[in-house]
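Beneath this line is the structure, given in structure tokens, with notes to follow.
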Ligand SMILES: Nc1ncnc2c1ncn2[C@@H]1O[C@H](COP(=O)(O)OP(=O)(O)O)[C@@H](O)[C@H]1O
Ligand SMILES: [Mg+2]
């Protein structure tokens, strides 16, 4: 016996067959057909009795005469289906009323048998097949419920994960601020002590030439501090009131390049703008997106100048649409970044530039801005060949 075919799939109880016919001979035959089968049999001779059995116990298979004197077989069929749509019904009918078989099938009957019952094996097979189908239907229903339960559990887990992620981002931000504060203290304190020392020296110094020299050094130290403060202001701007607008990324890239060219000498660097998509917008603060490009283009310019001097430097700025994201990159053929430094370039105050030339905040600002808008940024580089920094920002959907 196949598991699930003659028994109920879950409780492994024998399948319950309810047989209804008002002709004692037919009932007798059917009882004989199923006697040696592993089913639980209930036989009744009226529609009314059948109705009670269905109401009180239900059944798995209902075999009913179509024409019962009290309640019609089709009514029993409907009642059974109403109680449990997976109950399979086989209608027994005479030759004369074959057309009603069609109605029965339309109402959900599984099959029919014709009186007189001369092929008992056929009846058995029909019941077996009905049980098979029922098994599959019930299994499907169970799987569906499981699926729904799993889905609900999954959604709960997802919500929890999101919440956790939010908390993590928050704590990472706090940790970032801690690192930043320590960095600032460190970066500002050494020029500050220098300035103090020089100022004290000036107080005691009679020689005008030396006083001027010390004053010149103080100005240099102050410039260094000023640069740090200027870079830092973008942090506080980011933290201040959020006013986001639709920002056309490609156009901002073009403006940023113009800004860099205007603000620092660029001889010998060939800048190439490749803007595939001029229209795509992201929701952000315009000056932050501009800052990202400015910082990347400045770094690329420094890198190519260090490598090529006055000619041969190339910087490519690319913006394109990639699915739901704007994908942008700034690529240069400059000095490159050693492998073991790729992990720290986004850290605050990491710089390889001489004092007065770099603050080490540029890429950290880039990272902060991009991640704030749920974007990603990464760096790929080869010493002596160049560097490409790519970032993606989710586009504005509506
Ligand atoms: N395009 C690049 N090519 C080579 N090195 C780079 C590039 N961009 C960044 N770097 C390295 O990362 C460091 C940190 O960059 P950044 O945070 O912008 O600070 P800064 O430019 O003030 O040094 C740089 O000093 C440099 O060593
Ligand atoms: Mg920089």
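Numbering (the working numbering), first residue to last: 932 to 1329.
Using N, Cα and C, we set each Cβ at its ideal position, and we do this for glycine too.
If you check the C-beta of residue 1264 against ligand 2, you find no heavy atom less than 6 angstroms away. Shown here, residue 1038 sits in coil according to DSSP, grouped into three states, outside any helix or strand. In the pairwise beta carbon analysis, the region 1233 to 1242 is classified as touching the region 1262 to 1282: at least three pairs are separated by under 8 angstroms. Residue 1117 is classed as exposed because its beta carbon has fewer than 16 other beta carbons within 10 Å across all chains shown. Contact check for residue 1145 against residue 1132 passes: the beta carbons are separated by less than 7 angstroms. For residue 1230, the uninterrupted alpha helix (DSSP H) run begins and ends at 1217 to 1239, by DSSP. Closer than 6 angstroms to some heavy atom of ligand 1: that does not describe the Cβ of residue 1187. Residue environment analysis places residue 1070 among the exposed positions, since fewer than 16 neighbouring C-beta atoms fall within 10 angstroms of its C-beta. The DSSP assignment places complete beta strand (DSSP E) segments of no fewer than 3 residues inside the region 1038 to 1100 at 1042 to 1045, in order along the chain. Boundaries of the beta strand (DSSP E) harbouring residue 1179: 1176 to 1179, taken from the DSSP string.
Shown here, residue 1256 sits in a strand according to DSSP, grouped into three states.
Our two residues, residue 1212 and residue 1228, have alpha carbons roughly 21 angstroms apart in a direct line. DSSP places residue 1309 within a strand segment (E or B) once states are collapsed to three. With a cut-off of 8 angstroms on Cβ pairs, the region 1038 to 1050 is in contact with the region 1010 to 1021, counting three or more such pairs. In this structure, DSSP gives residue 1134 a helical state, which the three-state scheme calls helix. Between the beta-carbon of residue 995 and that of residue 1009 there is about 11 angstroms, and that puts the pair past the 8 angstroms contact cut. Considering only 1033, 1014, 1013 and 1046, the residue with the shortest C-alpha distance to residue 954 is 1046. Comparing C-alpha distances from residue 1314 to each of 1011, 1270, 950 and 975 shows the shortest one belongs to 1270.
The beta-carbon distance between residue 1293 and residue 1244, rounded to whole angstroms, is 18 angstroms. This is too long to meet the 8 angstroms contact definition. Per DSSP, reduced to three states, the secondary structure at residue 1314 is coil, with no helix or strand assignment.
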